[in-house]
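In this text, residue positions in the sequence shown follow the working numbering: the first is 4, and each later residue adds one. The beta-carbon is built from N, C-alpha and C at its ideal position, and this holds for glycine as well. Okay, so here's the structure we're looking at.
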Amino acid sequence: MKIYISADIEGVTGINHWDETEKTKEDYEYFAEQMTREVESACKGATNAGADEIWIKDAHGTGRNLDPSKLSKNIKLIRGWSGHPFFMVQELDESFDALMYIGYHSWGGSNFNPLAHTMNSSTIDYIKLNGELCSEFLIHSYIAAYLGVPVAFLSGDKGLCEEANRLNENIVTVAVNKGIGNSTISIHPDLAIAKIKKGVEEALKGDLNKCKIKLPDSFELEIRYSTHQMAYRNSFYPNAKQIESKTIVLDSDDYFDILRGVLFLT
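Written as structure tokens, this is what we have:
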């Protein structure tokens, strides 16, 4: 069994503030360690379920957060950013049996996580896909659908777990925190470790075919920027249209066109 894990930090248990996500801040080290612990618990659960090859994308910030020395020996770790439109699931392809997410967070514009955002939090207000506010989870799960890879497991905030189960009720989810305004309510870090390990094992021992996501037939990508200057500039991207002062849209029947748009427009 060949498994792919994409790991972020804004959805690990206990996290609450942007200082806890940035390498240059004092608060960062603890949460990078917790991110590593949660990823390693997923690796253990996957190995118990029969995975003999696990690829991990360190998908937060610099892409250099996980401590490789604390991860299982049967992993391949992707650090940094290649620039490929697959972003947080770089190197995912049809050979994988399942995609899983650790430490993911709700979409920009939501009230489910104080750190909620979609892609570039400093320049983007929100991203919509086919009229719905769009999370990084959804963007990358549609990549899995594009490739025919099941989405088996997600850990992160409660709002995102609920989104995942609306998309496919068979995805096993573990909510490790819940956002209320600018606060979070989180479970104990050791309990998160235990729940993730158990949840991953359960997910991978189940019928993975039930975890496949249907890809829409066509796509409308809508991006609202924090400034009107960015919308104007990016409206010159091929086939993009500025629909109001801070917002552009891009339409396509090919999801890879949308991913390429996200790469250059965010």
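Within the same chain, show all residues whose beta-carbon is closer than 8 Å to that of residue i, passing over the 5 residues directly before and after it, in chain order.
i, result
"N212", "P153"
One question on the structure: do residue i and residue j come within less than 8 Å of each other, judged by their Cβ atoms?
i, j, result
"G66", "R82", "yes"
"S238", "Q245", "yes"
"G106", "E13", "yes"
"S189", "T16", "yes"
"I78", "E225", "no"
"N19", "T187", "yes"
"L136", "G162", "no"
"A9", "M91", "First, the amino acid is wrong: residue 9 is Ser here, not Ala. Cβ atoms of S9 and M91: closer than 8 Å."
"I127", "T269", "yes"
"A62", "D96", "no"
"I174", "N180", "no"
Assign residue i to buried or exposed, taking buried as 16 or more other Cβ atoms, counted over all protein chains shown, within 10 Å of its Cβ.
i, result
"T176", "buried"
"H120", "buried"
"P219", "exposed"
"E23", "buried"
"S125", "exposed"
"Y33", "exposed"
"E172", "exposed"
Skipping 5 residues on each side, what residues in its chain have a beta carbon closer than 6 Å to that of residue i?
i, result
"M4", "G53, A54, D100"
"K198", "V177"
"G48", "K200, V203, E204"
"K215", "P153"
"N116", "H108, S109, D160, G182"
"I261", "F222, L224, S255"
Grouping DSSP H, G and I as helix and E and B as strand, with all else coil, what is residue i?
i, result
"E25", "coil"
"Q245", "strand"
"M103", "strand"
"K131", "strand"
"E225", "strand"
"F239", "coil"
"A10", "strand"
"V152", "coil"
Using the C-alpha atoms, what's the distance from residue j back to residue i?
i, j, result
"L150", "I6", "14 Å"
"S109", "D193", "23 Å"
"R263", "C46", "30 Å"
"A155", "M103", "6 Å"
"Y240", "E247", "16 Å"
Under 7 Å Cβ to Cβ from residue i, same chain only, skipping five residues before and after it: list those, please.
i, result
"E43", "K73, L74, S75"
"Q93", "K60, I81, S85, H87"
Measuring only between beta-carbons, confirm whether residue i sits less than 8 Å from chain D.
i, result
"I142", "Among the chains in the structure shown there is no chain D, since it carries only a single protein chain."
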